[in-house]
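The sequence shown begins at 2 in my numbering and counts up one residue at a time.
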Amino acid sequence: MSMELKLYDTLTREKRPFRPIDPANVRMYVCGPTVYDYAHIGNARPVIVFDVLFRLLRHIYGDAHVTYVRNITDVDDKINARAAERNVSIRALTEQTYANFKADVTALGCLPPTVEPRATEHIEEMKTLIEMLVKNGCAYVAEGHVLFHVAAMKDYGKLSNRSLDEMLAGARVEVAPYKKDAMDFVLWKPSKEGEPAWPSPCGIAAPGRPGWHIECSAMSWKHLGKTFDIHGGGIDLVFPHHENEIAQSRCAFHAPVMANYWMHNGFLQVEGEKMSKSLGNSVTIHELLKDWPGEVVRLTMLQTHYRQPLNWTANGMREAQKNLDHWYELTAGVESGMFCADLLDALADDLNTPKALAALHELRNEAAKGAKPAAACLKASAQLIGLLERPAAEWSSWRPVSFALDEDKVVDLIERRTAARKAKDFKESDRIRDELAKMGVVLKDSKDGTTWEIAR
Ligand code: AMP
Ligand code: ZN
Numbered sequence: 002m003s004m005e006l007k008l009y010d011t012l013t014r015e016k017r018p019f020r021p022i023d024p025a026n027v028r029m030y031v032c033g034p035t036v037y038d039y040a041h042i043g044n045a046r047p048v049i050v051f052d053v054l055f056r057l058l059r060h061i062y063g064d065a066h067v068t069y070v071r072n073i074t075d076v077d078d079k080i081n082a083r084a085a086e087r088n089v090s091i092r093a094l095t096e097q098t099y100a101n102f103k104a105d106v107t108a109l110g111c112l113p114p115t116v117e118p119r120a121t122e123h124i125e126e127m128k129t130l131i132e133m134l135v136k137n138g139c140a141y142v143a144e145g146h147v148l149f150h151v152a153a154m155k156d157y158g159k160l161s162n163r164s165l166d167e168m169l170a171g172a173r174v175e176v177a178p179y180k181k182d183a184m185d186f187v188l189w190k191p192s193k194e195g196e197p198a199w200p201s202p203c204g205i206a207a208p209g210r211p212g213w214h215i216e217c218s219a220m221s222w223k224h225l226g227k228t229f230d231i232h233g234g235g236i237d238l239v240f241p242h243h244e245n246e247i248a249q250s251r252c253a254f255h256a257p258v259m260a261n262y263w264m265h266n267g268f269l270q271v272e273g274e275k276m277s278k279s280l281g282n283s284v285t286i287h288e289l290l291k292d293w294p295g296e297v298v299r300l301t302m303l304q305t306h307y308r309q310p311l312n313w314t315a316n317g318m319r320e321a322q323k324n325l326d327h328w329y330e331l332t333a334g335v336e337s338g339m340f341c342a343d344l345l346d347a348l349a350d351d352l353n354t355p356k357a358l359a360a361l362h363e364l365r366n367e368a369a370k371g372a373k374p375a376a377a378c379l380k381a382s383a384q385l386i387g388l389l390e391r392p393a394a395e396w397s398s399w400r401p402v403s404f405a406l407d408e409d410k411v412v413d414l415i416e417r418r419t420a421a422r423k424a425k426d427f428k429e430s431d432r433i434r435d436e437l438a439k440m441g442v443v444l445k446d447s448k449d450g451t452t453w454e455i456a457r
C-alpha cells in the first residue's frame, strides 16, 4: 500500500500531493528559536508539529533519506539586551538558553533535527549572499547598511498575499533616511560599541552584524541547497520573515522558488486569551514540565490540527493525561505491532492529528475489550507520532517536581499508623491518614499491608 502524502502550501493556498525533489534526500527547514530566554508553550507548537512531520517523512522515505534543519538564532537585539541586563556574555547566555531549549523539547518527545545550525557560525555564507545580491542589483549599500531593494523583485509579497499598504503597516517598517523605499529591509547593519560585530561585506569599513532574515537564507542554502522541499514555522513568520527569505534566496540564485511547500502552524492561546507578558499568562515549557509529563504536553498539542488556532487549557492537559494513563496501562509489556492504516491516512492528509488520535481511541476501545493485536497496533501507531515511547513503569512513576515529597517521612508515618491501628487507636491512625492525604499521598490497605501512591 502506498500512501499519498498531501500538504497544505501557504504560497499556493492549496493542499497538494507532496513530491520531493529527491526522494533519496527529502529536505525540510524550520525556523528555530531566538535564544534569549526560556521558550514558551507557543514556541513548542512548531517544534512538535514539525517533529510529527519529520517522523512521518522518515516513515515514508526512510530514516536516512530525510534532512531536517532547524536553526538557532543566536544573534539578535533581544539577546544583546538580555545579556547586558544580566551582565553575562552573549555566548554564555545563548549557550545556556539553547541547552534549556534542548532539554525542554527532548522532554516533549521531539527527535533532534539532522542539523541545528547557529547563525553566528554562518556569517561567511550570509556575507556571500549579501554580496551576490548587491552585485545583481537587488540590494544596495547605504550608510554602513546593506538593504534589500524590494522594488527589484517583481512578485514580492506573494506568500503573504498583501497589498503594499498592508505590508507597510504589518512590518512596522522603520522609515530611515538612507532607505530608497520604506519597504526595503536590512541585510546587514553597523554594530554599536559592545554589540556583536564582524568585518562587513561590500567594502563597508565599519564592522557590523546581519539582519534576521538573511540568516535563514544562508543556513538553508548551506545545509539544504538553493531550493528544497519544505519550509516551516509559525504563522506569524509569513510576513515579513518568510517573505523576505524568499526574496533573498530567489534573487540571489535566480531561482523560481525557494521551497516547494510552505507550512505554517496556527497560533496558540492560553485559556482563550492571547499569551502575553502583560497579561501574565505566558507559560514557559520549563515551568509546565514541573507539573506535567512532557508527553501530556505533546498529546495536548496534537489534539488540534496544526493550522487551527489552539486554545491551551489545563482541562486539555488533564484529558490527555487520562488518555495516556489508559494507553500505557493497556500496552504495558505489549510488543509494538502493525501501524494503523487509519492513523497513517489521517497523517498523510496534511497532518490531521485529531483524526489520527481518533484512530488511536478506536484501538484503545478494542484493546480494552482484550484484543491483543489492537494493543500492539496502538503502541506502534502512537510511537510513530512520538507517544508511548517510554516504559510503562516510567510513566506511572512520574512525579511533579513541585511535589517535593519526603519519602522517608511518608514511610515513617505509615509505620506509625500501622502501629496505631494495631493498638486500636483509630483516632490517631485516621489523623495520620489525613496528614498523608494533605501531602498528596493516598493509602491502600490490603491484607498484605499498606501501600501508597501519589494522588493525581
Ligand atoms: P521566536 O523565538 O519568537 O522567533 O519563535 C519561534 C517559533 O515559535 C516561531 O516559529 C514562531 O512562529 C512560533 N511561535 C511563537 N509564538 C507562538 C504562539 N503563540 N503560537 C504558536 N507558535 C508560536
Ligand atoms: Zn527563518
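All C-beta atoms, glycine included, are put in the ideal place defined by N, C-alpha and C.
The model shown is predicted, which means the values in this text are computed figures rather than measured ones.
- Judged by DSSP in its simplified three-state form, D351 adopts coil rather than helix or strand.
- An exposed status is given to R400, since fewer than 16 other beta-carbon atoms sit within 10 Å of its beta-carbon.
- The Cβ-Cβ distance between P208 and S201 falls below 7 Å.
- For the options E86, Y62 and I42, the alpha carbon positioned closest to that of I22 is the one of Y62.
- Minimum Cα-Cα distance from W263 among the listed residues V187, D105 and I247 corresponds to I247.
- In chain order, the residues with a C-beta atom nearer than 6 Å to some heavy atom of the ligand AMP are C32, P34, T35, G43, N44, R46, P47, G234, G235, D237, L238, N266, F268, L269 and M276.
- Apart from the 5 residues on each side of it in sequence, I236 sits with its Cβ closer than 7 Å to the Cβ of H265, N266, G267 and F268 in its chain, given in chain order.
- Rounded to the nearest whole angstrom, the CA to CA distance from K423 to D431 is 13 Å.
- Between the alpha carbons of H66 and A253 lies a distance of about 27 Å.
- Using a 10 angstroms sphere on the CB of F427, the tally of other CB atoms stays under 16, which defines it as exposed.
- In the three-state DSSP reduction, T13 falls in the coil class, being neither helix nor strand.
- Not one heavy atom of the ligand ZN sits closer than 6 Å to the Cβ of C378.
- When the five nearest sequence neighbours on each side are left out, the beta carbons in the same chain lying within less than 6 Å of the beta carbon of V116 are those of V70 and H224, in order along the chain.
- The C-beta of D64 has fewer than 16 other C-beta atoms within 10 Å across all chains shown, which makes the residue exposed.
- The beta carbons of A321 and V284 sit no closer together than 7 Å.
- Ranked by Cα distance from Y37, the first of P47, F19 and D75 is D75.
- Taking 7 Å as the cut-off, the beta carbon of H243 is found no closer than this to the beta carbon of L112.
- Counting only residues of its own chain and dropping the five nearest sequence neighbours on each side, R417 has a CB closer than 7 Å to the CB of I433.
- Nearest Cα to E330 within the set A357, A315, A377 and K356: A377.
- At the C-beta level, M4 and L345 come within 7 Å of one another.
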